[in-house]
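Student:
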Amino acid sequence: MRHKDNTLLPEGRKQKKKRGIAEISSVYHQELFADINSLLEEGGIHRVFSDSDTGVYLFRGDCLVFMDILIKSFPRGLVDMVFADPPYFLSNGGITCRAGRMTCVNKGIWDRSRGIDENHRFNQAWLLRCQKILKPDGTLWVTGTHHVIYSVGFAMQQLGMKILNDITWEKPNPPPNLSCRYFTHSTETVIWAARDRRSKHLFNYGTMRKLNRGRQMKTVWTIPPPGPDEKHFGKHPTQKPVKLLERIILASTRENDLVFDPFTGSGTTGVAAVNLKRRFVGCELDPTFAELAVKRLKQATQERVVCPEIFGVRR
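Under the working numbering, the first residue of the sequence shown is numbered 102, with each subsequent residue one higher.
Okay, here's the thing in structure tokens:
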């Protein structure tokens, strides 16, 4: 069952023919929140931020559980785009250079490798769920270093996704390699994939060409890492620059589209979505990072104009 804007109703929801549009909208909105809140409570998922004017919602908890709830409520797809910055599994006790000082690369327990096979099973698990919550023509972006990105790409192929591009994000002035035994790490890979081979994905070619001064945009993007203004409320060890996420969102969504980030971290995806008048739903497991994301999202939403709600008939 679909609304006139081609939005799928949750499973089991039926429109009554004699109801007016405004009445249907009100009842639908209320019932949907009731259903989702009940399922979230059962799964130990907590809503830590919401702004209905801008259509931004952030939840704290296990993203696998959260996505299972969305899949159950919207079995034919919900979101237009997914951006994921998953664990890279590189917290192995190594060293790096940060702010001119030698420091440990360990990010946290969540970034520790559990072995090649287990790491790959985890990537398969969250990618499968992302695929299921995407609308039929939706796309997925995943960033990573060599520690994880080859597993991600292989898992995408196993799941029948269509890989559209692999973007090389070049970081100017990267930290030096202290061991002097490798080339200096200065890039990350961003894979862009469609839900499956039947998907008719959106690519805003004209917008990308305009951003590139009238020329076709290539797959090497030189974008600086986050500056001090993006770390005003605190730091995340793998924080991505807003400019990177804005380019990704501009390339593959329209205004009011719904963007999802299962590993929200410091909330950069949400901030970029708000800036570009897209709606956003995110999930973050770590309470400290969730709190950081809330602060950034509060600031971003306060500076933005009103747009449709996320879980209503207007999406």
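In this text, a Cβ means the ideal position worked out from N, Cα and C, and glycines have one as well.
As the structure is a computational prediction, the values presented were derived from the model and not from experiment.
Return the bridge partner residues of A185 from the DSSP annotation.
Tutor: V243
Student: Should P388 be labelled buried (16 or more other beta-carbon atoms within 10 Å of its own) or exposed?
Tutor: exposed
Student: So, at 6 Å on beta carbons, what are the nonlocal neighbours of K301 in its own chain, with the 5 sequence-adjacent residues on each side left out?
Tutor: D238
Student: Count the C-beta pairs between the region 148 to 160 and the region 372 to 388 that are closer than 8 Å, then say yes if the count reaches three, no if not.
Tutor: Yes, the region 148 to 160 touches the region 372 to 388.
Student: Compute the Euclidean distance between the alpha carbons of T323 and D330, then round it to the nearest angstrom.
Tutor: 19 Å
Student: Out of A352, K233 and L398, which has the shortest C-alpha to C-alpha gap to Y306?
Tutor: Nearest C-alpha to Y306: A352.
Student: Would you mind working out which of V372, R379 and G366 sits nearest N357, comparing C-alpha positions?
Tutor: When each option's Cα is compared against that of N357, the closest is R379.
Student: For I350 and A373, what's the separation of their Cα atoms in angstroms?
Tutor: 8 Å
Student: Take every Cβ of the region 395 to 402, pair it with every Cβ of the region 171 to 181, and state whether three or more of those distances are shorter than 8 Å.
Tutor: No, the region 395 to 402 is not in contact with the region 171 to 181.
Student: Are there 16 or more other CB atoms within 10 angstroms of the CB of F255, so buried, or fewer, so exposed?
Tutor: By the neighbour-count criterion, in which 16 or more other beta carbons inside 10 Å mark a residue as buried, F255 falls on the exposed side.
Student: In whole angstroms, give me the CA-to-CA distance for P342 and A401.
Tutor: Distance between the alpha carbons of P342 and A401: 15 Å.
Student: Return helix, strand or coil for F364, following the three-state DSSP convention.
Tutor: coil
Student: Let me make sure I understand the geometry here. Which of G156, R298, I268 and G261 has the alpha-carbon closest to that of W242?
Tutor: I268
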